[in-house]
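Student:
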Amino acid sequence: MSIFNFWKPKQKPFECQPKKDDAFDDANLIYKTVTGIVGMKYRKKNARKALNLLELNDGETDDVELMREPTNPHDHLAIKVYLFGIFVGYIPRREMRELRRIIQKENIIIKATAMVGFPIDENEFDFALFIKIYSK
Numbered sequence: 001m002s003i004f005n006f007w008k009p010k011q012k013p014f015e016c017q018p019k020k021d022d023a024f025d026d027a028n029l030i031y032k033t034v035t036g037i038v039g040m041k042y043r044k045k046n047a048r049k050a051l052n053l054l055e056l057n058d059g060e061t062d063d064v065e066l067m068r069e070p071t072n073p074h075d076h077l078a079i080k081v082y083l084f085g086i087f088v089g090y091i092p093r094r095e096m097r098e099l100r101r102i103i104q105k106e107n108i109i110i111k112a113t114a115m116v117g118f119p120i121d122e123n124e125f126d127f128a129l130f131i132k133i134y135s136k
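Straight run, no breaks: the sequence shown in UniProt numbering ends on number 136.
1. Please identify the residue among R97, E69, L53 whose C-alpha is closest to the C-alpha of G89.
2. Closer than 8 Å by C-beta to D22: which residues in its own chain qualify, once you throw out the five before and the five after it? Chain order, please.
3. Check the DSSP bridge columns for M67 and list the partner residues they point to.
4. Using 8 Å as the cut-off, can you tell me whether the segment 44-58 makes contact with the segment 108-116, which would need three or more C-beta pairs spanning the two stretches below that distance?
5. Consult DSSP for E106 and reduce its assignment to one of helix, strand or coil.
6. By Cβ distance, which residues of its chain are closer than 7 Å to R43, with the 5 residues on each side in sequence left out?
7. Is it right to say I133 is buried, meaning 16 or more other beta carbons lie within 10 angstroms of its own, or is it exposed?
8. Given a cut-off of 7 Å, decide if T61 and L129 are closer than it, judged by their beta-carbon atoms.
9. Run the CB neighbour count on S135, radius 10 Å, all protein chains shown included, and call it buried at 16 or more, exposed below.
10. For R100, does the count of other Cβ atoms within 10 angstroms reach 16, so buried, or fall short, so exposed?
11. For D58 and L83, I'd like the C-alpha separation in whole angstroms.
12. Name the one or two DSSP bridge partners that residue 206 has.
13. Cα separation between E98 and K41?
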């Protein structure tokens, strides 16, 4: 996996990678990607709570849930993102077509790690999601 440059509040940028997950066999790996989260501007309070919890965990967590939302009136393939059980936004629609298609399958295991991403401005920030999907 490539090394990505990430930002943590009150710190200089640093290079890091998500923790290696030895629990899953890469022979069963069918997809992997890195993406951000959209729609956090509508959930600023939730995003700030998740950021505070991430900072307590050295800027990284595996407590990530991706949940399909087929009843979403704007996008029947919408994927909600929860960090620490807190709804913070969605997987981007445009860049992640393949991911959104694969996640609709039933016989997969999804492993995701979230990290604090680059700042957008003084009051906004982003999360980076490292996603791996395995066949069962």
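Quick reminder that beta carbons are idealized off the backbone N, C-alpha and C, glycines included.
Tutor: Reading it off the structure:
1. E69
2. Low per-residue confidence applies at D22: pLDDT is 49, beneath 50, and the placement is therefore not dependable, though the value from the model is reported in the following sentence. Excluding residues within five positions, none has a Cβ falling inside 8 Å.
3. K80
4. With contact defined as three or more Cβ pairs closer than 8 Å, the segment 44-58 and the segment 108-116 are in contact.
5. coil
6. F87, V88, G89
7. I133 is buried by the Cβ-count criterion.
8. no
9. It counts as exposed.
10. Residue environment: R100 is assigned as buried (16 or more neighbouring CB atoms within 10 Å of its CB, all protein chains considered).
11. 14 Å
12. Absent from the model: residue 206. The displayed extent of the chain is 1 to 136, so no value can be given.
13. E98 and K41 have their C-alpha atoms spaced approximately 25 Å apart.
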